[in-house]
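Inspection log for the structure reproduced underneath, given as structure tokens.
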Amino acid sequence: MSSINKMFKFKIQYIILLFLIEIILILPIGFVASTDLTDNLNISSPGSTPESSFQVNAFSKNILLSTDDSNWNYHVEPMIAIGDNGTLFAGWKNANTHNGAGEHVSIVKSIDRGVSWTTPFDMPMYNGLNTRQSDPWLVWYNQSIYYAYIEWDPDYFEYPTFGLFSQVTVAKSSGDITEWTTASASNGSYFADKETMYIDDNGIIYMVYDDVDVSTPVENATIRLTRSDNAGESFQEISEIGIPSGGHLGPYIALNSENHIYIASTWLDITEGGGNIYFTSSQDGGFTFGNQRFINTDGNYSFLDSGKVTLPVIQFDQDDRLYLLWADVYENEAHSIDIYLRYSDDFGEIWSERFQVNPTTAGNQFMPDMDIDSDGNLHIVYYNAPSQENFKPYYCLVNFTGENQNNPIFNTPIAIADKETSGDYNRPGDYLTIRLDQNNIPHIVWTDGRNNELDIYYAYGTQNLSDSGSTIGFGLEIFLTVGFVSIIGIGVIILIRRRKINELLTYGKNN
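For the sequence shown, counting from 1, position 273 maps to 273 in the UniProt record's numbering; every step adds exactly one.
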């Protein structure tokens, strides 16, 4: 071969070399530019096995949501909902004191998977009335966000027998949190309190609440159910569940795959101490219910105080197994509160033994919530106060194994907040909330006192410890890693080309 041909071949190879170098340089940049929250979290595919489903190793940077203190310094009782497109909505109650009644409820949203949030928007008062508000509850359904909250006349508790205004309001928005339509969702005789809401597969909205006669010494209460079959435009009161009695608190509603209704509620014996969990169900859309019965007869509520009273959380998984999550003082020696779990495979007729969620009984663990992922795993959150003073939220993943899925595996709890809240703030509302998105990623909102006031914070679960700082940090790590590999690759190519050039020069001299 002539030297001219070899030089021509060298030029072609040199052009190819430059092309490869350009690809290697662009590759890490393009990789980083394409990363978002979904990429960073190594999302598992739907239908994966429990062994391969999403496992949380840490939580993201804690983000302050209650950024407006112009009217109230205390923000508690947060709720979160997730839209089909990943939009996040979070609501909470505002108060004048850390343990006082609600003044107003607010909402924020995020369209970038929790990286940034809107400023808080205060929810409208029904029909332009001057009301106080509390007890936020959010549900997303069919491209709309539904926000339930209680409203009452500011003078109601001073004149409880005067028939002053009190109701559950359900507001609806297409996603613009500054535009709402509102409907009266209750028609009880007394004070409407502690509502929860569920929307079934047909779009029927069910809402349960306590109807409380606050004029009686023990505040007799009845659970009532209302429903809407016109997308929240109006509600019909259809059931009164049980007989009035003192101590009812917080009915929680769940529906199975056939849209049968199940309700659990806490009952506290105000005069004698103690308590239990009531349970009942309806097979006809909520028009009739079976007799309420106790399903936690070995529980002990004697040492619960107002800041640690629990809502019993019930949820069905994809196989219609019903789970019950709650807190009580079952472990009597230390008189501390712990988190417990039971399940039923026959729609609440027979329940499993109780399982303790928190691995240690030191201090108090209280106010649990849960969500269930597409693999049937339970994602549980609760407040942990190991010294019975300062507290912070924790997260625990529960897998069930065995032939009948009756052997729970409780993974090591993980702290969600990076700061503690002082035990002086003894009433962070009545709940914190966890919800899973379409990729089984947990999103949590909680009450936090790190700034010497009570605020609402948000975090999401991640499999990458670097994500606990920020997604930018994770992208930088990818860039440096891939970039380092790229540099090594370029060095190897240059070394090979130098050897080829030397061979070519030697050949030219000899010919």
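Beta carbons are placed, not taken as given, at the ideal position from N, Cα and C, and that holds for glycine. No experiment lies behind these values; they were computed from the predicted model shown.
Contact annotation: L341 and G250 have beta-carbon atoms that are not nearer than 8 Å. Listed as beta-bridge partners of Y252 by DSSP are A264. Partner residues in the beta bridge of P408, as assigned by DSSP, are F400. Annotation for G461: the continuous beta strand (DSSP E) segment containing it runs D455 to T462. Taking 8 Å as the upper bound for CB-CB distance, S106 and M123 are in contact here, some 7 Å apart. Relative to V381, the option among I295, H335 and Y458 whose CA is nearest is Y458. Within the region 303–358, the runs of beta strand (DSSP E) at least 3 residues long that lie entirely inside it are, in chain order, 313–316, 322–328 and 338–344. Beta-bridge analysis with DSSP links T280 to I263. As computed with DSSP, L436 is found in a beta bridge with P442. In this structure, W92 places its C-beta atom within 8 Å of the C-beta atom of I456. A check of alpha carbon separations from N406 across V398, F279 and Q55 identifies V398 as the nearest. The alpha-carbon of W117 is positioned some 9 Å away from that of L88. For G299, the secondary structure class from DSSP, reduced to helix, strand or coil, is coil. Each of P78, R113, S186 and Y252 was checked against the Cα of K61, and the nearest Cα belongs to R113. Cβ atoms of R224 and E237 come within 8 Å of each other, at about 6 Å. C-alpha of W72 to C-alpha of S422: approximately 19 Å in a straight line.
If you check the CB distance, W137 and T196 come in under 8 Å.
With 16 or more other Cβ atoms inside 10 Å of its own Cβ, K194 counts as buried. By the Cβ-count criterion, T216 is exposed, with fewer than 16 other Cβ atoms from all chains shown falling within 10 Å of its own Cβ. Excluding sequence positions up to five before and after T178, its CB lies within less than 7 Å of the CB of F121, all in the same chain and listed in chain order.
Put simply, the backbone Cα of N187 is about 7 Å away from that of Q167. In the structure shown, G188 adopts coil according to DSSP, grouped into three states. Taking T288 as the centre and dropping the five residues before and after it, the same chain places the C-beta of S239 and S282 closer than 8 Å to its C-beta, in chain order. The three-state reading of DSSP puts G91 in strand, counting E and B together. Between the C-alpha atoms of V445 and I82 there is a straight-line separation of about 12 Å.
Assignment of Y395 by DSSP, reduced to helix, strand and coil, places it in the strand class. Distance between H379 and G163, taken at the CA atoms: about 42 Å. Of the candidates H104, T161 and V212, H104 places its Cα closest to the Cα of A148. Taking all protein chains in view, the Cβ of R293 is surrounded by fewer than 16 other Cβ atoms within 10 Å, so the residue is classified as exposed. Nearest neighbour of F400 by Cα position, chosen from F59, F366 and S352, turns out to be S352.
Counting every other CB atom within 10 Å of its CB across the protein chains shown gives F59 a total of 16 or more, marking it as buried.
DSSP places I145 inside the beta strand (DSSP E), whose first and last residues are S144 to W152. In the DSSP assignment, V105 falls within the unbroken beta strand (DSSP E) covering G102 to S110. Closest by C-alpha distance to Q365, out of I372, D373 and Q356, is Q356. Residue environment for E272: exposed (fewer than 16 other C-beta atoms within 10 angstroms of its C-beta). With fewer than 16 other CB atoms across the displayed protein chains lying within 10 angstroms of its CB, N202 is exposed.
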